[in-house]
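Student: The structure's right below; bear with me while I get my questions together.
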Amino acid sequence: MLDYVRVFSPAKINLSLKVLSKRSDKYHDIESIFQLIPFGDELEVFFLENEKKCIVDCRQVELPLENTITKTYEEFSKITGINHGVRVVLHKHIPLGAGLGGGSSNAAAFLRVLNTMFDAQLSYATCKQIAQKIGSDVPFFVAGGTKVSSYDYNLCCIVTGRGENIQRINESRSFNYVLICPEVHIATKEAYALVDENQDLINDSGFPLLHNLEKMYKMSVDDWHFKNSFTDILRVKYPIIGQAIEELKSLGAAYAQMSGSGSSVYGIFNSIEEAKKAGNLLEKKWKRCFILPSS
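Going by this note's numbering, the letters in the sequence shown line up with residues 1 to 295, in that order.
Structure, rendered in structure tokens:
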């Protein structure tokens, strides 16, 4: 057993995201490509000898009493019977409501820590089972590995269903990104409601077919025609999103898109020099702008 573990909790972007019809359980099916990016939070986890609970501290944002970290602890304890006390210090860098999967990533990272710290030997199947109880995006983050030391931080997958169907792209690529996080918080529930209310604005014919997603992913970025079902709708309500996309394109991004249900926007550049040049200009205007070189 370990007394202390520190782990990186990476964000994800959606290179493509097609929202399908609402299911009987009120969730939507999706067809998407999820890609981890070199940007994220950090978790420090301390063993508490005389406690049998999970304490979460985060200075950057006020978390609800029940959050993805505490839920993960509860599900882990149910499965393993291990209920030793832990204190989690979350260093939060991923903005809330940005479409970057921050809470889901935190849950998966914490599950890796618990599996490692207490040598629980949970299999991928069991970790995925826990992940599905926490949130729709959590299974993707678990797919990169179940232990801290062996995690794939360049993970890329085709994700379907509610988020539970994960098809790994083995030949994942590294990209040079500029990430912009506008000062807009978009709740996932709000974004999906807008999609349901504005189906006439979504052109399904413009999306690549599911069986072509991996093939297109492996093409030159200049030849991508991925789409996001949320983008056109949300940029009408929040023009700042469209503004960020257009500025990335005007500064040479080979591909620019909104991630998830917003509001973060990213551009992929063909070289780190181009990314740095664009990012240095955009940093003067956008408070939260990050240059992310390929790993």
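All C-beta atoms in this analysis are idealised placements derived from N, C-alpha and C, irrespective of residue type, glycine included.
Closer than 7 angstroms by C-beta to D152: which residues in its own chain qualify, once you throw out the five before and the five after it? Chain order, please.
Tutor: Closer than 7 angstroms at Cβ, skipping near neighbours: G144, G145.
Student: Which value, in whole angstroms, describes the spacing of the CA atoms of A191 and N270?
Tutor: Cα to Cα, A191 sits roughly 31 angstroms from N270.
Student: Does the distance from the C-beta atom of F34 to that of C127 stay below 8 angstroms?
Tutor: No, these two residues do not count as a Cβ contact at 8 angstroms.
Student: Helix, strand or coil for Y151? Go by DSSP, reduced to three states.
Tutor: DSSP places Y151 in coil when its eight states are reduced to three.
Student: Return helix, strand or coil for L210, following the three-state DSSP convention.
Tutor: Reduced to three states, the DSSP call for L210 is helix.
Student: Assign G40 to one of two classes, buried (16 or more other C-beta atoms within 10 Å of its C-beta) or exposed (fewer than that).
Tutor: Label assigned to G40: buried.
Student: In whole angstroms, give me the CA-to-CA distance for L15 and N50.
Tutor: Their Cα atoms are separated by approximately 45 angstroms.
Student: Run through the DSSP bridge pairs and tell me what C54 is partnered with.
Tutor: In the DSSP output, where bridge partners are listed per residue, C54 has V86.
Student: Which residue marks the beginning of the alpha helix (DSSP H) containing V195, and which one marks its end?
Tutor: Its alpha helix (DSSP H) spans residues 188-197.
Student: If you compare alpha carbons, which of D25, F76, E44, R59 is closest to S52?
Tutor: Sequence inspection shows Lys at residue 52; the Ser mentioned does not correspond to that position. It is F76.
Student: Less than 8 angstroms between the C-beta atoms of G99 and S263, yes or no?
Tutor: Yes, they are a contact pair.
Student: With DSSP as the reference, please indicate the residues paired to M258 in a beta bridge.
Tutor: Paired residues: V265.
Student: Pull the bridge partners of G40 from the DSSP assignment, please.
Tutor: Paired residues: P10.
Student: Report the partner residues of S105 according to the DSSP bridge assignment.
Tutor: According to DSSP, which records beta bridges pairwise, S105 is partnered with nothing at all.
Student: For the beta strand (DSSP E) holding Q243, just list the boundary residues, first then last.
Tutor: Where Q243 is concerned, there is no enclosing beta strand (DSSP E), although the alpha helix (DSSP H) it sits in stretches over 239-250.
Student: Taking only three categories from DSSP, how would you classify F47?
Tutor: Strand, per DSSP.
Student: Since N57 and S104 should fall inside the 8 angstroms C-beta cutoff, what is the C-beta to C-beta distance between them, to a whole number of angstroms?
Tutor: The sequence as given places Asp at residue 57; Asn does not occur at that position. Actually they are not in contact, since the Cβ atoms of D57 and S104 sit about 20 angstroms apart, beyond 8 angstroms.
Student: Does DSSP put R173 in a helix, a strand or coil?
Tutor: Coil at R173, not helix or strand.
Student: Quick one: measure Cβ to Cβ for A109 and S259, integer angstroms, because I've assumed they're closer than 8 angstroms.
Tutor: Actually they do not touch by this definition, with Cβ atoms about 19 angstroms apart.
Student: Figure out for me which residue from K287, I241, L122, F175 has the closest Cα to the Cα of E274.
Tutor: Of K287, I241, L122, F175, the residue nearest in Cα terms is F175.
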